[in-house]
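So for the sequence shown, the working numbering puts the first residue at 267; every next one is plus one. No residue lacks a Cβ here, since even glycine has one placed at the ideal position from N, Cα and C. Working notes, beginning with the structure itself.
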Amino acid sequence: LEETGLHIAILPEFKSRSEYTIQGRIEKTVIIYIASTKDTRTVIQPEEIEDYIWLSYDNAYKTLNYENDKAILKKAKAYLTEHSI
Numbered sequence: 267l268e269e270t271g272l273h274i275a276i277l278p279e280f281k282s283r284s285e286y287t288i289q290g291r292i293e294k295t296v297i298i299y300i301a302s303t304k305d306t307r308t309v310i311q312p313e314e315i316e317d318y319i320w321l322s323y324d325n326a327y328k329t330l331n332y333e334n335d336k337a338i339l340k341k342a343k344a345y346l347t348e349h350s351i
């Protein structure tokens, strides 16, 4: 990915959609995929990315603020477990 320098493989079979409104007027739709990488060395473009962090499932779950995001993470974990990934 251009902004991170990561080479990823997207698992296209898993896709989750999140829709919400910002400031009561801007509608956002986010499509979330599962991706993997063999190399976690990241080179970010500061003008594109403010910060990043690699987290375990449990820490990622604790970090999320919205129930919908937590539900998507649970769904992704279940998919990975079910497919032995």
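- Boundaries for TYR318: no alpha helix (DSSP H) harbours it, and the DSSP string shows neither H nor E there.
- Within the stretch 270-347, the runs of beta strand (DSSP E) that reach at least 3 residues and sit entirely inside it are, in chain order, 275-288 and 292-302.
- Excluding its 5 nearest sequence neighbours in each direction, TYR323 has C-beta neighbours in its own chain below 8 Å: LEU339 and LYS343, listed in chain order.
- Around the C-beta of ILE351, fewer than 16 other C-beta atoms lie within 10 Å, and the residue is accordingly described as exposed.
- Taking the Cα positions, GLU333 is about 12 Å away from TYR286.
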